[in-house]
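Per our numbering, numbering through the sequence shown is continuous, rising by one, with the last residue being 429.
Positions of the beta carbon are idealized from the N, C-alpha and C atoms, including for glycine.
Okay, so here's the structure we're looking at.
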Amino acid sequence: MDKIRITGGQRLDGAIPISGAKNAALPLMIASLLTDETLTLANVPRLSDVSALSRILSNHGVDRSIAGKRIGQSAETGQTIALTARQIVDTCAPYELVSTMRASFWVIAPILARMGEARVSLPGGCAIGTRPVDLLLMALERLGAEIEIENGYAIARAPRGLKGAEIVFPKVTVGGTHTALMAAVLAQGTTVIENAAREPEVTDLAACLTKMGAKIEGAGTSRIVVTGVARLGGAHHAVLPDRIETGTYAMAVAMTGGDVLLEGARADLLQSALDVLVKAGVEVSSTNEGIRVRRNGQPLEAVDVETDPFPGFPTDLQAQFMALMTKARGTSRIRETIFENRFMHVQELARLGAKIRLEGDCAHVEGVAKLTGAPVMATDLRASVSLVIAGLAAEGETTINRVYHLDRGFEALEAKLTRCGAQVERLSG
Ligand code: UD1
1 MDKIRITGGQ
11 RLDGAIPISG
21 AKNAALPLMI
31 ASLLTDETLT
41 LANVPRLSDV
51 SALSRILSNH
61 GVDRSIAGKR
71 IGQSAETGQT
81 IALTARQIVD
91 TCAPYELVST
101 MRASFWVIAP
111 ILARMGEARV
121 SLPGGCAIGT
131 RPVDLLLMAL
141 ERLGAEIEIE
151 NGYAIARAPR
161 GLKGAEIVFP
171 KVTVGGTHTA
181 LMAAVLAQGT
191 TVIENAAREP
201 EVTDLAACLT
211 KMGAKIEGAG
221 TSRIVVTGVA
231 RLGGAHHAVL
241 PDRIETGTYA
251 MAVAMTGGDV
261 LLEGARADLL
271 QSALDVLVKA
281 GVEVSSTNEG
291 IRVRRNGQPL
301 EAVDVETDPF
311 PGFPTDLQAQ
321 FMALMTKARG
331 TSRIRETIFE
341 NRFMHVQELA
351 RLGAKIRLEG
361 DCAHVEGVAK
371 LTGAPVMATD
381 LRASVSLVIA
391 GLAAEGETTI
401 NRVYHLDRGF
411 EALEAKLTRC
421 GAQVERLSG
């Protein structure tokens with residue numbers, strides 16, 4: 001298993017290109033199942049989650065072609081992928097494929113909408129706690145599907161097609177909103193989704209579905225209205241920039257000090273996190289090319305945060321922010337309200353010298369003068385990258401094991417950091 005070795009203590013200076021958002025690319029790729037025409041997606045990041053989803057889609061009969069490099073493109077420019085689901089040859093997504101990535105469960109919606117039946121393995125456990133799919137299934141039931149759970153599979157049937165309805169989510173769910181949208185676009189009549197997720201990735205999916213011929217109003221608000229259409233066609237869509245990658249590198253610069261332009265990043269996608277960084281003493285400015293993040297000697301101040309659905313502070317930046325706060329002046333309280341058990345990084349940060357006390361869903365992070373390098377273990381995607389950030393600011397060497405978690409969500413991480421002066425290398429093993 002590969003490891004990453006970081007020799008800490010370098011400032012970050014330069015530019016980092018921001019990739020297309022993993023969490024938008026995945027549902028967009030899944031949307032290709034809704035049409036027999038070609039959906040072409042640009043700015044798709046090169047990530048192992050994208051490859052895993054490609055395998056799942058090809059099992060359903062989706063053809064894929066990847067455009068070659070073009071003049072002026074670097075290896076870090078996202079890829080352009082054309083997906084064509086001329087015919088869905090298999091309505092079953094088996095355990096072996098779905099268990100590698102939770103989001104693949106979302107294929108249930110387009111397959112059901114197009115074929116009247118879908119059989120998808122339940123995703124199973126995950127390092128950040130139980131992540132049920134009850135609300136996704138509830139949404140499909142509201143649209144008229146009959147759901148059965150059998151031998152670890154969710155079987156959804158709607159032989160006479162789905163029918164528009166009102167879906168009220170008792171809590172905000174991104175996957176639930178994606179699922180409801182993808183099912184409703186081909187349902188007969190009107191669907192109203194209440195308490196919908198307002199995450200930019202939902203808006204991006206809705207924008208792409210609209211290009212494919214869907215009728216959607218209110219995406220980006222908590223009430224989305226979908227008027228079903230009989231069929232969807234092909235489209236061309238560029239994946240929006242990754243706000244979690246943006247926030248991660250912004251926090252890395254905040255932690256090490258330096259001056260970095262996050263190329264292609266959009267401040268409107270993560271305003272709440274940028275506001276928190278400014279409160280902590282970091283200079284953040286938006287330019288035509290992206291977001292510039294600077295800290296030149298100013299002290300880091302402790303700031304309290306609470307994770308929330310968009311536009312609140314994202315749970316996917318909680319671990320990285322905690323790493324940052326380990327070196328702030330004073331004590332910061334970080335509350336996780338979205339996922340239980342999303343504090344796996346606490347023990348590992350402690351190995352680097354961080355002082356963190358857990359109390360239920362709240363972490364009290366007391367800033368320390370210095371962190372020192374140590375071997376640590378990556379436990380999930382966002383936790384792993386919080387260890388990278390901490391390692392960049394720690395004295396000496398930090399080795400991060402199980403980096404396959406990072407490869408799921410961060411494109412060309414070592415290259416992007418190295419070009420800004422960090423000492424990061426991958427050790428194959
Ligand atoms: C997506 C993101 C993930 C992010 C999360 C919250 C992708 C691929 N993943 O995950 O990176 O951390 O949004 O912003 O986009 N819930 C239920 N029942 C359900 C579904 C969800 O109780 O049927 C709960 C979850 O346990 C959690 C909360 O709802 O407590 C939010 O989860 P959700 O927004 O659905 O997360 P994902 O879509 O899985």
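- As DSSP reads the structure, Ser121 sits in a beta bridge with Tyr153.
- Taking C-beta separations shorter than 7 Å and ignoring five residues to either side along the sequence, the partners of Ala238 in its chain run Ala42, Asn43, following chain order.
- Apart from the 5 residues on each side of it in sequence, Thr91 sits with its Cβ closer than 7 Å to the Cβ of Ile111, Met115, Glu117, Ala118, Arg119 in its chain, given in chain order.
- Runs of the beta strand (DSSP E) spanning 3 or more residues and lying entirely within the segment 168-218 occur at 190-194, 215-217, in chain order.
- Collapsing the DSSP output to three states places Ala109 in a helix.
- For the ligand UD1, no non-hydrogen atom lies closer than 8 Å to the CB of Ala154.
- DSSP places Ser286 in the uninterrupted beta strand (DSSP E) bounded by 283-286.
- DSSP, read as helix, strand or coil, puts Phe313 in strand.
- Val305 is not a Cβ neighbour of Ala250, given a cutoff of 9 Å.
- DSSP places Ile16 in no alpha helix (DSSP H) but in the uninterrupted beta strand (DSSP E) bounded by 12-17.
- Distances between the C-beta of Asp204 and the heavy atoms of the ligand UD1 are all 8 Å or more.
- At least one heavy atom of the ligand UD1 sits closer than 8 Å to the Cβ of Arg102.
- Annotation for Met1: Asn401, Arg402, Val403, Tyr404, Gly429 place their beta carbon closer than 8 Å to its own, counting only its chain and skipping 5 residues before and after.
- In the three-state scheme derived from DSSP, where H, G and I count as helix and E and B as strand, Thr418 is classed as helix.
- In the three-state reduction of the DSSP assignment, Val368 falls in the coil class, being assigned neither a helical nor a strand state.
- Excluding sequence positions up to five before and after Glu141, its CB lies within less than 6 Å of the CB of Ile147, all in the same chain and listed in chain order.
- Between the ligand UD1 and Ile338, a heavy atom-to-CB distance of less than 8 Å is present.
- Taking Ala31 as the centre and dropping the five residues before and after it, the same chain places the C-beta of Leu39, Pro110, Met182, Leu205, Cys208, Leu209, Met212 closer than 8 Å to its C-beta, in chain order.
- Residue nearest to Ile167 within the set Leu136, Pro159, Leu186, Arg160 is Leu136 (criterion: CA-CA distance).
- The three-state reading of DSSP puts Ala25 in helix, counting H, G and I together.
- When DSSP assignments are scanned along the segment 47-98, the uninterrupted stretches of alpha helix (DSSP H) that are 4 or more residues long and fall wholly within it turn out to be 48-60, 95-98.
- When rounded, the separation of the alpha-carbon atoms in Pro123 and Asn296 is 45 Å.
- The three-state reading of DSSP puts Gln318 in helix, counting H, G and I together.
- Here Phe321 is near Phe313, since their CB atoms are less than 9 Å apart.
- The Cβ neighbour count for Gln318, taken over all protein chains shown within 10 Å, is at least 16; the residue is labelled buried.
- DSSP places Thr248 within a helical segment (H, G or I) once states are collapsed to three.
- When DSSP reads this structure, Pro241 sits in a beta bridge with Gly20.
- Glu359 is positioned such that its CB atom lies no closer than 9 Å to that of Val376.
- Between Gly8 and Leu427, the C-beta spacing is not below 9 Å.
- With a cutoff of 9 Å on beta-carbon distance, Val346 and Ala328 are scored as not near each other.
- Distances from the alpha-carbon of Asp380 to those of Ser222, Val260, Leu406 put Leu406 closest.
- Taking 8 Å as the cut-off, the C-beta of Gly8 does not count as close to any heavy atom of the ligand UD1.
- Scanning Val185, Thr100, Ala15 for the CA closest to the CA of Thr35 turns up Val185.
- Taking the Cα of Pro27 as reference, the smallest distance to any Cα among Glu397, Ala254, Arg11, Leu240 is reached at Leu240.
- By the criterion of at least three beta-carbon pairs nearer than 8 Å, the segment 8-27 is in contact with the segment 242-262.
- The C-alpha of Ile6 lies about 6 Å from the C-alpha of Gln423.
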